[in-house]
Amino acid sequence: DAKTTQPPSMDCAEGRAANLPCNHSTISGNEYVYWYRQIHSQGPQYIIHGLKNNETNEMASLIITEDRKSSTLILPHATLRDTAVYYCIVRGEGAQKLVFGQGTRLTINP
Amino acid sequence: GAVVSQHPSWVICKSGTSVKIECRSLDFQATTMFWYRQFPKQSLMLMATSNEGSKATYEQGVEKDKFLINHASLTLSTLTVTSAHPEDSSFYICSAAAGRWEKLFFGSGTQLSVL
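Which chain is which? The protein sequence lines are A and B, in order.
Numbering-wise, the working numbering puts 63 at position 63 of the first sequence, and it's gapless, one number per residue.
Numbering-wise, the working numbering puts 74 at position 74 of the second sequence, and it's gapless, one number per residue.
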């Protein structure tokens with residue numbers, strides 16, 4: 001699976017949109033981009049995933065560049081409960097396991 | 001979404017004893033489950049892949065005789081840390097594939113402290 005690069009930490013004001021970048025320049029055509037988050041001392045929570053089209057669900061939006069070498073997770077109206085470590089993971093089609101990188105520690109400030 | 005239950009949430013044990021951690025898929029059948037370990041301020045590290053009815057596949061560097069995995073049914077996988085030592089103290093997390101491979105669901109984790 002391709003490697004991902006994320007900033008180690010980010011801050012965002014409560015109520016603002018949080019935009020978390022991820023680079024995956026070696027991604028191949030059949031690899032998906034997944035986002036999970038982990039709130040302190042809990043198991044990771046699935047957020048969203050996509051292949052090449054932008055995706056949106058009740059939690060977030062995923063914007064994937066046309067060349068698929070990077071993506072951005074958008075939390076449209078961040079709340080204090082969104083403070084967590086966010087992991088961007090590239091996973092091959094049919095592959096089951098997830099390999100976690102270091103993630104981005106997002107802090108939402110009041 | 002699908003629910004994965006992990007038990008216990010935390011356990012304290014004496015050095016040299018064994019500890020069993022259970023991972024259950026509550027509303028789906030999971031032919032494959034995964035076990036991760038996480039040290040403080042670090043990311044999750046995949047330990048092994050557990051397949052129902054067959055032997056687990058361990059990641060490089062993980063001692064299979066130390067971390068015994070049993071996946072006897074489609075809803076239960078167990079991880080036994082044998083002869084635990086203080087360096088085994090960690091946060092252990094399981095996950096399960098809910099049929100379709102797109103999503104993995106995670107348990108809430110087990111904090112193991114070995115004295």
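Glycine included, each C-beta is placed from N, C-alpha and C at the ideal position.
With a CB to CB cut of under 7 Å and the five nearest residues on each side skipped, what residues in its chain are close to residue i?
i             : result
N57 (chain A) : I48
F39 (chain B) : S90
Just to make sure I have the definition right: I need the residues of chain B whose C-beta is within less than 7 Å of the C-beta of residue i. Which are they?
i             : result
K97 (chain A) : F34, L46, T49
G43 (chain A) : I93, F106, G107, S108, G109
Which residues of chain B have a Cβ atom closer than 8 Å to the Cβ of residue i, listed in chain order?
i              : result
G101 (chain A) : S43
Could you give the DSSP three-state label for residue i: helix, strand or coil?
i              : result
L80 (chain A)  : helix
D88 (chain B)  : helix
S113 (chain B) : strand
G50 (chain A)  : strand
S25 (chain A)  : coil
H71 (chain B)  : strand
Q45 (chain A)  : strand
K97 (chain A)  : coil
R37 (chain B)  : strand
S54 (chain B)  : coil
L26 (chain B)  : coil
R37 (chain A)  : strand
V62 (chain B)  : coil
T80 (chain B)  : strand
S43 (chain B)  : coil
N30 (chain A)  : coil
Give every residue of the same chain whose Cβ lies closer than 6 Å to the Cβ of residue i, excluding the five residues on either side of it in the sequence, and list them in chain order.
i              : result
N19 (chain A)  : T72, I74
A13 (chain A)  : N109
G101 (chain A) : T4
S108 (chain B) : Q6
S15 (chain B)  : H85, V114
Could you tell me which chain A residues have their CB closer than 7 Å to the CB of residue i, listed as they occur along the chain?
i              : result
A130 (chain B) : No answer is possible for residue 130 (chain B): it lies beyond the span of chain B, which begins at 1 and ends at 115.
K64 (chain B)  : Those within 7 Å of K64 (chain B) in chain A number zero; the least Cβ separation is about 17 Å.
Report the CB separation of residue i from residue j in whole angstroms; it is logged as a contact under 8 Å.
i              : j             : result
M10 (chain A)  : T79 (chain A) : M10 (chain A) to T79 (chain A), Cβ: 15 Å. No contact.
V62 (chain B)  : H85 (chain B) : Actually they do not touch by this definition, with Cβ atoms about 15 Å apart.
R68 (chain A)  : Y32 (chain A) : Not a contact, Cβ separation roughly 10 Å.
S116 (chain B) : T82 (chain B) : Nothing can be reported for residue 116 (chain B): it is not among the residues displayed for chain B, which extend from 1 to 115.
Between which two residues does the beta strand (DSSP E) holding residue i run?
i              : result
A13 (chain A)  : 9–13
S61 (chain A)  : 61–64
H7 (chain B)   : 4–7
T104 (chain A) : 104–109
S70 (chain A)  : 70–75
For residue i, which residues from the same chain have a beta carbon less than 8 Å from its beta carbon, with the 5 sequence-adjacent residues on both sides left out?
i             : result
Y36 (chain B) : L44, M45, L46, M47, Y92, I93, C94, S95
N53 (chain A) : I64
Show which residues of chain A have a CB atom less than 9 Å away from the CB atom of residue i.
i              : result
K103 (chain B) : Y34, Y46, H49
With 8 Å set as the bound, which would you pick, yes or no: does the beta-carbon of residue i sit closer than that to a beta-carbon of chain C?
i              : result
L104 (chain B) : Annotation note: the requested chain C is absent from the structure, which comprises protein chains A and B.
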